[in-house]
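Every number in this note's numbering is 4 more than the matching position in the sequence shown, counting from 1. Everything below concerns the one structure shown next.
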Amino acid sequence: LLAFASAGALLGRARRRLDASAAGLLPVYADGLALALAGVAILFPPLAFVAIAGFVLLLIRGGRGEGEKYAGLRSLR
Numbered sequence: 005l006l007a008f009a010s011a012g013a014l015l016g017r018a019r020r021r022l023d024a025s026a027a028g029l030l031p032v033y034a035d036g037l038a039l040a041l042a043g044v045a046i047l048f049p050p051l052a053f054v055a056i057a058g059f060v061l062l063l064i065r066g067g068r069g070e071g072e073k074y075a076g077l078r079s080l081r
């Protein structure tokens with residue numbers, strides 16, 4: 005559930021930036037990465053904890069900077 009929430013938010017933000025044909029391939033990429041992560045977690049179980057920490061970090065930091073996207077560029081005017 006943690007991976008679904010964090011990856012869903014990330015893919016939602018990416019989908020808004022892409023055109024329709026590229027956005028249609030995002031689920032394919034997500035499924036491929038999920039299978040690769042599952043394989044790595046089976047072969048090297050401690051890396052599953054690293055993946056969990058990455059998902060938590062992605063969930064915490066994911067939506068925080070949306071309003072500050074171009075804040076540094078505005079000061080150059």
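Glycine included, every Cβ here is placed at the ideal spot set by N, Cα and C.
Output yes or no for whether 8 Å exceeds the beta carbon distance between residue i and residue j.
i: Ser66; j: Ala13; result: Note on identity: in this sequence residue 66 is Gly, with Ser being the wrong assignment. The answer is yes: Cβ separation under 8 Å.
i: Leu41; j: Leu30; result: no
i: Ala55; j: Ala45; result: yes
What distance in whole Å lies between the Cβ atoms of residue j and residue i, which are believed to be in contact at a cut-off of 8 Å?
i: Arg19; j: Ala27; result: 5 Å
i: Ala34; j: Ala57; result: At roughly 19 Å, the Cβ-Cβ gap does not stay under 8 Å, so Ala34 and Ala57 are not in contact.
State yes or no: is the beta carbon of residue i nearer than 8 Å to at least one beta carbon in chain C?
i: Leu63; result: The chain inventory of the structure shown lacks chain C, comprising one protein chain alone.
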